[in-house]
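> Have a look at the structure that comes next, please.
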Amino acid sequence: MTATLITNIGELTTNVARDGDPCGTMHGAAVLLEGSRIAWVGGMTDAPAQAAARSGAEIVDAHGEAVLPGFVDSHTHLVFGGDRADEFEARTTGAPYAAGGIRRTVAATRAASDEELRARLAGFTAELHAQGTTTFEIKTGYGLTVEDETRLARLAAEVTSEVTFLGAHVVPAEYADRREEYVDLVTGPMLEAVRPHARWIDVFCERGAFTPDESRRILTAGAAHGLLPRVHGNQLGPGEGVRLAVAAGAASVDHCTYLDDADIAALAESETVATLLPGVEFSTRQPYPDARRLIDAGVTVALASDCNPGSSFTSSMPLMVALAVREMGMTPAEAVWAATAGGARALRRDDVGAIAPGMRADLVLLAAPTRVHLAYRPGVPLVRTVWKDGARV
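Take the sequence shown: its position 13, counted from the start at 1, is 12 in numbering that gives the first Met the number 0, and no numbers get skipped.
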């Protein structure tokens, strides 16, 4: 079994809460990795005895820099064809974002071969790893036929265990006048075909996409087939998405841009995570969600990239941290927690998002003395070394 001892860590973010600090921050720390798991966490002065007991361990000197858990990106759309840079350019001159643009990507994705999609997905996976993301979710939703949704789920499952069936992304053009038939397809043959490759089911409960009644029906069908619910909600305006998610026991409701007091109260009284996606607001120029209001109300908040070709074509979780601090009222510690432990909660994972014995050995060494630099030095490639399952990537 391979072993690695990371020592001389200036600031270690464990996310094991202690003394009122949710980040469980340690200074002058060391971490021992054995195989794919974390074996030991403690003070640097105790590390030599730990290493001596395990001959052959690789010793990595962090030189006083910061270490944190690998980022957990709980919301991406990474399997797609085509490009929508022209839409982004149009928005820079005032054109609004609308959900209908998804249909362009659907057409391009249907036309792409498995080999083309797989190669692009491999590129995105490498991009995520290079920026410190070690766990990520991928949604379908750019196929919208039984065959295409199934192949997108199958391709996604090649690189992650967190696959989400999003046949309810938008109603495709060929069903524009037959909405009920499309919902029948999603809840019937499409769900049956995709289910073996997916863990989650999601629905875009929004104007221009699916109504609350349609969304409820889709989530109920998914649950009956063993898929766990997630919801896109309250992105483009006020709506029922948040309360629908809470009522369904969804692991997360994502976007949460437009919330009223009842929405926030419902989230605070539930186990549903509010996943905020600031890359969307950066790209679409919509108002940023008010993370401060959510956190102060006791809501669990996660950050994710929503990497997709239309509204947030970035895979950078460090950028999400910086935007959350600058635009959404979060402290650096809160933003890093949300991008790691928060993402793990949004995926209902208890083996990632923290640095503690028994957890997966997913860690990031920064070229910076503290996690604050992720927001303090936005756009700078601060991720120096990444370990996933105990191996450098």
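Every residue gets a Cβ at the ideal spot worked out from N, C-alpha and C, and that includes glycine.
None of these values were measured; they are calculated from a predicted model.
(1) According to DSSP, is proline 277 part of a helix, a strand, or is it coil?
(2) Classify methionine 25 as buried or exposed, calling it buried when 16 or more other Cβ atoms lie within 10 Å of its own Cβ.
(3) With contact counted as at least three CB pairs below 8 Å, one residue from each stretch, are the stretch 23-42 and the stretch 304-313 in contact?
(4) Which residue wins for smallest C-alpha separation from valine 382, given the options Gly341, Gly389, Leu364?
(5) Does the count of Cβ pairs from the stretch 218-230 and the stretch 257-265 closer than 8 Å reach three?
(6) Ignore the nearest five residues each way along the sequence and tell me which others in threonine 108's own chain have a CB closer than 8 Å to its CB.
(7) DSSP has arginine 229 in a bridge; who is on the other side?
(8) Would the stretch 229-248 and the stretch 197-208 be scored as touching if the rule is three or more Cβ pairs under 8 Å?
(9) Buried or exposed: which applies to aspartate 85, given that a residue is buried once 16 or more other Cβ atoms fall within 10 Å of its Cβ?
(10) Short of 7 Å in beta carbon distance, which residues of its chain neighbour arginine 83, apart from the five on each side in sequence? Order them along the chain.
(11) If I measure Cβ to Cβ from alanine 247 and keep anything under 6 Å in the same chain, skipping five residues before and after, which residues do I get?
(12) The alpha helix (DSSP H) that contains glycine 342, what's its start and end?
(13) Going by DSSP, what residue range makes up the alpha helix (DSSP H) through alanine 265?
(14) Starting from glutamate 88, trace the alpha helix (DSSP H) both ways and give me its first and last residue.
(15) Taking only the alpha-carbon atoms, compute the straight-line gap between alanine 353 and alanine 192 and give it to the nearest angstrom.
For this structure:
(1) As a working note, residue 277 is residue 278 in the sequence shown. In this structure, DSSP gives proline 277 a helical state, which the three-state scheme calls helix.
(2) Numbered from its first residue, the sequence shown carries residue 25 at position 26. Buried, by the Cβ-count rule.
(3) When Cβ pairs closer than 8 Å are counted between the two stretches, the stretch 23-42 is seen not to touch the stretch 304-313, the count staying below three.
(4) Within the sequence shown, residue 382 is the residue found at index 383, counting from 1. Minimum Cα distance to valine 382 is reached at Leu364.
(5) A contact between stretches requires three or more CB pairs, one per stretch, nearer than 8 Å, and the stretch 218-230 fails this requirement with the stretch 257-265.
(6) Your numbering for residue 108 matches position 109 in the sequence shown. Answer for threonine 108: Val78, Phe79, Gly80, Gly81, Leu116, Tyr141, Gly142, Asp147, Leu151, listed in chain order.
(7) The residue labelled residue 229 in the question sits at position 230 within the sequence shown. According to DSSP, which records beta bridges pairwise, arginine 229 is partnered with nothing at all.
(8) Contact check between the stretch 229-248 and the stretch 197-208: three or more CB pairs, one atom from each, fall below 8 Å, which counts as touching.
(9) The sequence position of residue 85 within the sequence shown is 86, counting from 1. With fewer than 16 other Cβ atoms within 10 Å, it is exposed.
(10) Walking along the sequence shown from the start, residue 83 turns up at place 84. Close CB contacts of arginine 83 within its chain, under the 7 Å cut and outside five residues either way in sequence, are with Gly100, Arg103, Thr104, Pro308, Gly309 (chain order).
(11) As a working mapping, residue 247 is identified with position 248 in the sequence shown. These residues qualify, in order along the chain: Leu218, Pro228.
(12) For the purposes of this step, residue 342 is taken as the residue at position 343 of the sequence shown. For glycine 342, the enclosing alpha helix (DSSP H) covers residues 342-345.
(13) In the sequence shown, the residue the question calls residue 265 occupies position 266. Per DSSP, alanine 265 belongs to the alpha helix (DSSP H) from 260-267.
(14) For the purposes of this step, residue 88 is taken as residue 89 along the sequence shown, with counting starting at 1. Annotation for glutamate 88: the continuous alpha helix (DSSP H) segment containing it runs 84-90.
(15) Here residue 353 is taken as the residue at index 354 of the sequence shown, counted from 1. Here residue 192 is taken as the residue at index 193 of the sequence shown, counted from 1. Our two residues, alanine 353 and alanine 192, have alpha carbons roughly 35 Å apart in a direct line.
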